[in-house]
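Reviewing the structure listed below.
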Amino acid sequence: MAITHRKDTRPVKVGDVTIGGSDEVVIQSMTTTKTHDVEATVAEIKRLEEAGCQIVRVACPDDRAADAIPEIKKRINIPLVVDIHFDYKKALKAIEGGADKIRINPGNIGKREKVEAVVKAAKEKGIPIRIGVNAGSLERHILEKYGYPTAEGMVESALHHIKILEDLDFHDIVVSLKASDVKLAIDAYEKAAAAFNYPIHLGITESGTLFAGTVKSAAGLGAILSKGIGSTVRISLSADPVEEVKVAKELLKSFGLAANAATLISCPTCGRIEIDLISIANEVEEYIQSIKAPIKVAVLGCAVNGPGEAREADIGIAGARGEGLLFRHGEIIRKVPEDIMVDELKKEVDKLAEEHYEK
Ligand code: SF4
């Protein structure tokens, strides 16, 4: 079965961000605030922007939420997706209010005139529609056919919604196929990538708390990303959505898919350790979150194996009794007193980032 690689998918514009058509994977998240509470929603979106979120989605459960869209849109810098279930009037209001994309399943809207009205409005504004298939809410005819949620059923559901849009000559489509069962999600995404070339939105739904959900999402989405599938990702966690963005960034870095993010290499520590490595690693990890350059930073517990173990690091520090050794690509460049070694490392990181920005 031919698998569609993310770079071979149809590029779809969401505001000034493109999903699909390249090897880039766009990071998304979703707000947890009441959307009608504009202050709280905008504040959360700002925190998400700061963390590296590239597209944000808000729920639109009622008219108050739909009415808040223009004001939210005015005050944020990243594209806004509005999530609507069934109600075409809210979809029209969201589109009119400036949504950069809507998430709605056309097959759930109802009468053809209503579907046509939403598609016409989206076309006029040039915004895409995401079809969100969820294993937990497949259409009755599909469940009856397969007996229970299957990957085939999920793809069939996606194709059913896609056809409705294609019949109306609408092609700015993004598709997600979420399941909380990791194996089912992997299977569904693989089958979807072979079935159509619309860009794919990845996610493992209801994955759990920060720790368990991170492991589960990384296991499932890692398998899918490694096959070249997926143009945008949202990690779903029962946690602060900023954590979702951090996990997504880290996951993409593992596959070399985050072009402008720094990576931390830190040793697992052992009996040779000479410094308080765990707190230093956490501090440096926090610091490099805001560095928008592909720099590899190492933090190692000792000088015996340290620098040599992290040869690929652009800059690093290894503990030595009472001091730190700053090194670049495995070569020691200078010694620094222990109390300032983290600050010295940060300065070196900033310097490398500056050099990268100037290029
Ligand atoms: Fe142990 Fe040193 Fe290797 Fe860290 S760098 S794991 S402290 S030998």
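If you're matching positions, the sequence shown starts at 394 in the working numbering and goes up one per residue.
All C-beta atoms in this analysis are idealised placements derived from N, C-alpha and C, irrespective of residue type, glycine included.
With three or more CB-CB distances shorter than 8 Å, the stretch 451 to 458 counts as touching the stretch 420 to 436.
Assignment of residue 520 by DSSP, reduced to helix, strand and coil, places it in the coil class. In this structure, DSSP gives residue 625 an extended state, which the three-state scheme calls strand. For residue 730, the three-state secondary structure derived from DSSP is strand.
Taking a 10 Å sphere around the C-beta of residue 481, we find 16 or more other C-beta atoms and assign the residue as buried. Within the chosen limit of 7 Å, the ligand SF4 does not reach the beta carbon of residue 535 with any heavy atom.
Distances from the CB of residue 693 to the heavy atoms of the ligand SF4 include at least one below 7 Å. In this structure the stretch 514 to 524 does not touch the stretch 539 to 549; the number of beta carbon pairs closer than 8 Å is below three.
Exclusion of the five residues before and after residue 525 leaves 496, 569 as the residues of its chain whose Cβ lies within less than 6 Å of its Cβ. Residue environment analysis places residue 744 among the exposed positions, since fewer than 16 neighbouring C-beta atoms fall within 10 angstroms of its C-beta. Residue pairing of residue 594 in beta bridges, as defined by DSSP: 569, 625.
Cβ atoms of residue 688 and residue 746 come within 8 Å of each other, at about 6 Å.
Residue 477 is not a Cβ neighbour of residue 435, given a cutoff of 8 Å. For residue 592, the Cβ stays outside the 7 Å cut-off from all heavy atoms of the ligand SF4. The beta-carbon separation of residue 441 and residue 634, rounded to 6 Å, stays under the 8 Å limit for a contact.
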